[in-house]
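*Asks:*
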Amino acid sequence: MIGGAPAALRVLVVDDSKAQRKILSLSLARWGYDVVEAASGDEALALCRVETFDLVLSDWMMPGMTGLDFCREFRSLPCDAYGYFILLTSKSEKAEIADGLHAGADDFLTKPVSLDELRARLRAGERILGMQQELVDKNRLVGSTLLELQKLYDSLDRDLIEARKLQQTLVRDKFRDFGGGTASMLLRPSGHVGGDLVGCFEISASRIAVYSVDVSGHGVASAMMTARLSGLLSGGSPEQNLALSLGKGGLREAWPPEVVASRLNRLMIEELMVEQYFTMAYAEIDLETGKVWLVQAGHPHPVIMRKSGKIDTVGAGGLPIGLIPGASFERVEATLEPGDRLVLLSDGVTECPDIAGFELGEDGLESMLRTNHTLDSPALLEAIIADLTQFHGNSDFPDDVSGVVFDFNGRSSA
């Protein structure tokens with residue numbers, strides 16, 4: 000092969016003239032090519048069906064199958080590598096050259112053949128074949144890499160599916176009855192895993208806490224943070240619960256909601272030292288009186304659905320948690336009457352866009368709640384998902400959707 004390549008390129012010489020074949024073959028062999036001869040297009044085609052050739056030199060005008068017909072048949076053969084085809088011809092008209100190109104010829108050489116020109120065109124063909132092989136090798140490498148990436152993706156996808164199952168266990172009980180009221184919860188990540196968290200826990204026989212959290216970002220990092228926060232607000236492990244302290248006799252006591260927010264803010268900034276932050280609505284509720292003390296830390300406004308169907312929003316916004324050192328948080332108070340409900344929802348509801356890109360907003364949420372106010376709370380949460388799907392155009396929401404609804408029934412738990 001020209002240029003000192005390790006393996007000689009195979010060249011098929013096709014011409015009905017034995018003398019012409021010999022002249023070409025001797026020159027090609029002297030230049031380092033592996034040469035095979037064929038006396039007709041039919042013979043050449045039969046060889047090409049069982050052997051592979053890098054370059055083909057074929058006369059155009061031959062009895063039986065012409066070089067043009069042979070070129071067409073050659074191009075129709077299944078093969079792994081590209082063969083560079085040069086037609087030898089005395090034709091020079093543009094229409095005939097176009098016919099040759101349409102048939103699949105790569106180049107033309109005018110007869111009588113100039114050996115210098117032949118060698119130059121062969122070198123040009125070798126460059127084309129080299130680039131072709133380079134593309135094949137790169138495509139093979141890309142294909143192999145994509146296969147490995149697909150395997151990694153499939154493995155990651157399986158892990159994320161398991162992670163989603165584990166994250167759903169953070170809200171193991173979708174419904175809890177505390178005697179003086181009930182809590183209904185919904186957690187729907189937008190992907191395999193998400194950054195939303197809802198929950199509730201018992202402070203005492205007559206007091207509970209409910210909360211809704213939305214960690215910034217999406218995916219695994221946010222999900223890991225929600226898992227950490229779930230432990231910090233766990234009713235099953237009061238000694239780890241940042242909202243609780245143990246008083247005299249081992250009785251649980253609760254920090255005020257604004258203090259809970261401050262403690263979480265300090266933990267995020269001074270101890271965890273992560274770039275993430277989160278919004279939160281956290282409420283402490285007296286099951287006997289219906290008194291509510293809550294903090295809104297950058298979260299959507301808590302909503303009170305009155306038994307009459309009236310919708311009240313509470314809270315003044317507030318700063319997210321983990322964003323500003325020393326941030327202060329304000330406590331808001333409200334009162335629930337028997338039959339009233341406290342609703343805490345993530346911004347995946349209010350910021351969900353319709354087909355045109357317009358968000359549902361708080362007005363849209365209020366309308367949705369009024370429409371479904373006669374439903375019990377588990378059904379209400381499902382209705383929100385159904386209505387949001389209709390509003391968005393499909394159920395593939397751009398953000399996690401979560402919520403907790405507390406129903407106050409006014410019965411003493413004592």
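All residue numbers for the sequence shown refer to numbering that gives the first Met the number 0, where the first residue is 0 and numbers rise by one.
From the three backbone atoms N, C-alpha and C, an ideal C-beta is built for every residue, glycine too.
Taking the alpha carbon of residue 220 as the point to measure from, which residue in 175, 241 and 277 has its own alpha carbon closest?
*Replies:* In the sequence shown, counting from the first residue as 1, residue 220 sits at position 221. Nearest C-alpha to residue 220: 277.
*Asks:* Can you tell which of 215, 256, 118 and 233 has the C-alpha that lies nearest to the C-alpha of residue 275?
*Replies:* Stepping through the sequence shown from its first residue, residue 275 is reached at position 276. Closest by alpha carbon: 215.
*Asks:* Considering only the alpha carbon of each residue, which of 72, 60, 53 and 33 lies closest to residue 45?
*Replies:* Within the sequence shown, the letter at position 46 stands for residue 45. Looking at the Cα atoms, 72 is the closest of the given residues.
*Asks:* Would the region 329-345 and the region 221-235 be scored as touching if the rule is three or more Cβ pairs under 8 Å?
*Replies:* Flag = no, the region 329-345 and the region 221-235 do not touch.
*Asks:* Between which residues of its own chain and residue 39 is the CB-CB distance below 8 Å, once the five residues before and five after are set aside?
*Replies:* Counted from its first residue, the sequence shown places residue 39 at position 40. Correct list, in chain order: 13, 15, 61, 62, 63 and 64.
*Asks:* Please state whether the Cβ-Cβ distance between residue 305 and residue 339 is less than 9 Å.
*Replies:* The residue labelled residue 305 in the question sits at position 306 within the sequence shown. The residue labelled residue 339 in the question sits at position 340 within the sequence shown. In this structure, residue 339 lies closer than 9 Å to residue 305 by Cβ.
*Asks:* Determine the DSSP secondary structure at residue 78, reduced to helix, strand or coil.
*Replies:* Counting from 1 along the sequence shown, the entry for residue 78 is found at position 79. Coil, per DSSP.
*Asks:* Label residue 343 either buried or exposed according to how many other C-beta atoms from any shown protein chain fall within 10 Å of its C-beta, with 16 as the threshold for buried.
*Replies:* Taking the first residue of the sequence shown as 1, we reach residue 343 at position 344. Looking at its Cβ environment, which holds 16 or more other Cβ atoms inside 10 Å, residue 343 is buried.
*Asks:* Note down, in chain order, each residue of its chain lying with its Cβ closer than 7 Å to the Cβ of residue 120, except the 5 sequence neighbours on either side.
*Replies:* The residue you call residue 120 lines up with position 121 of the sequence shown. If we look at residue 120 and ignore the five residues flanking it on each side, its Cβ neighbours are 85, 106 and 108.
*Asks:* Per the DSSP calculation, residue 32 is bridged to which residue(s)?
*Replies:* Along the sequence shown, one-based indexing puts residue 32 at 33. Paired residues: none, contrary to the question.
*Asks:* What do you get for residue 202, buried or exposed, if any count of 16 or more other CB atoms within 10 angstroms of its CB means buried?
*Replies:* For the purposes of this step, residue 202 is taken as residue 203 along the sequence shown, with counting starting at 1. The residue in question, residue 202, is buried, as its Cβ has 16 or more Cβ neighbours within 10 Å.
*Asks:* Between the beta-carbon of residue 303 and the beta-carbon of residue 294, is there less than 9 Å?
*Replies:* Residue numbering aside, residue 303 sits at position 304 when the sequence shown is read from its first letter. Residue numbering aside, residue 294 sits at position 295 when the sequence shown is read from its first letter. The answer is no: Cβ separation not under 9 Å.
*Asks:* Does DSSP classify residue 227 as helix, strand or coil?
*Replies:* The sequence position of residue 227 within the sequence shown is 228, counting from 1. Helix, per DSSP.
*Asks:* Determine the direct distance from the alpha carbon of residue 141 to that of residue 117, and round the result to whole angstroms.
*Replies:* In the sequence shown, the residue the question calls residue 117 occupies position 118. In the sequence shown, the residue the question calls residue 141 occupies position 142. Roughly 36 Å separates the two Cα atoms.
*Asks:* Please look up how many angstroms separate the CB atoms of residue 317 and residue 328, rounded, as I've assumed it's under 8 Å.
*Replies:* Position 318 of the sequence shown holds residue 317. Position 329 of the sequence shown holds residue 328. The Cβ separation is near 6 Å, so the contact holds.
*Asks:* By DSSP, does residue 257 sit in helix, in strand, or in coil?
*Replies:* Along the sequence shown, read from residue 1 onward, the residue named residue 257 stands at position 258. Here residue 257 sits in helix by DSSP.
*Asks:* In the DSSP assignment, the beta strand (DSSP E) including residue 180 goes from what residue to what residue?
*Replies:* Residue mapping note: residue 180 aligns to position 181 of the sequence shown, counting from 1. Start and end: 180-187.
*Asks:* Output the boundary residues of the alpha helix (DSSP H) element that contains residue 390.
*Replies:* Taking the first residue of the sequence shown as 1, we reach residue 390 at position 391. Element bounds for residue 390: 376-391.
*Asks:* Quick one: using the 10 Å Cβ neighbour count with 16 as the cut-off for buried, is residue 4 buried or exposed?
*Replies:* In the sequence shown, residue 4 corresponds to position 5, counting from 1. Unreliable placement is indicated for residue 4, whose pLDDT of 44 sits below 50; no coordinate value is reported for it.
*Asks:* From what residue to what residue does the alpha helix (DSSP H) around residue 368 run?
*Replies:* Within the sequence shown, residue 368 is the residue found at index 369, counting from 1. Residue 368 -> alpha helix (DSSP H) spans 360-370.
*Asks:* Please report the straight-line C-alpha distance between residue 37 and residue 57, rounded to a whole angstrom.
*Replies:* Counting from one through the sequence shown, the residue named residue 37 turns up at place 38. Counting from one through the sequence shown, the residue named residue 57 turns up at place 58. Straight-line Cα distance between these residues: approximately 9 Å.
*Asks:* With 16 as the cutoff for other CB atoms within 10 Å, does residue 244 come out buried or exposed?
*Replies:* Working through the sequence shown from its first residue, we reach residue 244 at position 245. Exposed, because fewer than 16 other Cβ atoms sit within 10 Å of the Cβ of residue 244.
*Asks:* So, with DSSP's three-state summary, where would you put residue 406?
*Replies:* Taking the first residue of the sequence shown as 1, we reach residue 406 at position 407. Correct three-state label for residue 406: strand.
*Asks:* In angstroms, rounded to a whole number, what distance separates the CA positions of residue 266 and residue 321?
*Replies:* Start at 1 with the first residue of the sequence shown, and residue 266 comes out as number 267. Start at 1 with the first residue of the sequence shown, and residue 321 comes out as number 322. Between residue 266 and residue 321, the C-alpha separation is close to 8 Å.
*Asks:* What does residue 175 pair with, by DSSP beta-bridge criteria?
*Replies:* Within the sequence shown, residue 175 is the residue found at index 176, counting from 1. According to DSSP, which records beta bridges pairwise, residue 175 is partnered with 182.
*Asks:* Is it a yes or a no for the region 175-188 touching the region 392-404, going by three-plus beta-carbon pairs under 8 Å?
*Replies:* yes
*Asks:* Taking only the alpha-carbon atoms, compute the straight-line gap between residue 9 and residue 125 and give it to the nearest angstrom.
*Replies:* Against the sequence shown, residue 9 aligns to sequence position 10. Against the sequence shown, residue 125 aligns to sequence position 126. Between residue 9 and residue 125, the C-alpha separation is close to 11 Å.
*Asks:* Considering Cα atoms alone, identify which of 358, 54, 345 and 272 is closest to residue 297.
*Replies:* On the sequence shown, residue 297 is found 298 positions in, with the first residue counted as 1. When each option's Cα is compared against that of residue 297, the closest is 345.
*Asks:* Residue 301 and residue 282 look like a contact to me (Cβ under 8 Å); what is the Cβ gap, rounded to whole Å?
*Replies:* Here residue 301 corresponds to residue number 302 of the sequence shown, with the count starting at 1. Here residue 282 corresponds to residue number 283 of the sequence shown, with the count starting at 1. Contact holds; Cβ gap of about 7 Å.
*Asks:* Whole angstroms are fine: how far does the CA of residue 206 sit from the CA of residue 408?
*Replies:* Here residue 408 is taken as the residue at index 409 of the sequence shown, counted from 1. Here residue 206 is taken as the residue at index 207 of the sequence shown, counted from 1. Their Cα atoms are separated by approximately 14 Å.
*Asks:* Which first and last residues belong to the alpha helix (DSSP H) in which residue 294 is found?
*Replies:* Here residue 294 is taken as the residue at index 295 of the sequence shown, counted from 1. Looking at the DSSP string, residue 294 is not in any alpha helix (DSSP H); the run it does join, the beta strand (DSSP E), is 290-296.
*Asks:* Determine the contact status of residue 112 and residue 23, defining contact as a CB-CB distance below 9 Å.
*Replies:* Locating residue 112 in the sequence shown gives position 113, where the first residue counts as 1. Locating residue 23 in the sequence shown gives position 24, where the first residue counts as 1. Yes, these two residues count as a Cβ contact at 9 Å.
*Asks:* Shortest alpha-carbon distance to residue 290 belongs to which of 323, 260, 348 and 208?
*Replies:* Sequence index remark: in the sequence shown, residue 290 carries index 291 (1-based). Answer by Cα proximity: 208.
*Asks:* If you follow the beta strand (DSSP E) that residue 199 is in, where does it begin and where does it stop?
*Replies:* Indexing the sequence shown from 1 puts residue 199 at position 200. It spans 195-203 - the beta strand (DSSP E) in which residue 199 sits, taken as one unbroken run.
*Asks:* Put residue 373 into one of helix, strand or coil per three-state DSSP.
*Replies:* Looking up residue 373 in the sequence shown gives position 374. Note: residue 373 maps to coil in three-state DSSP.
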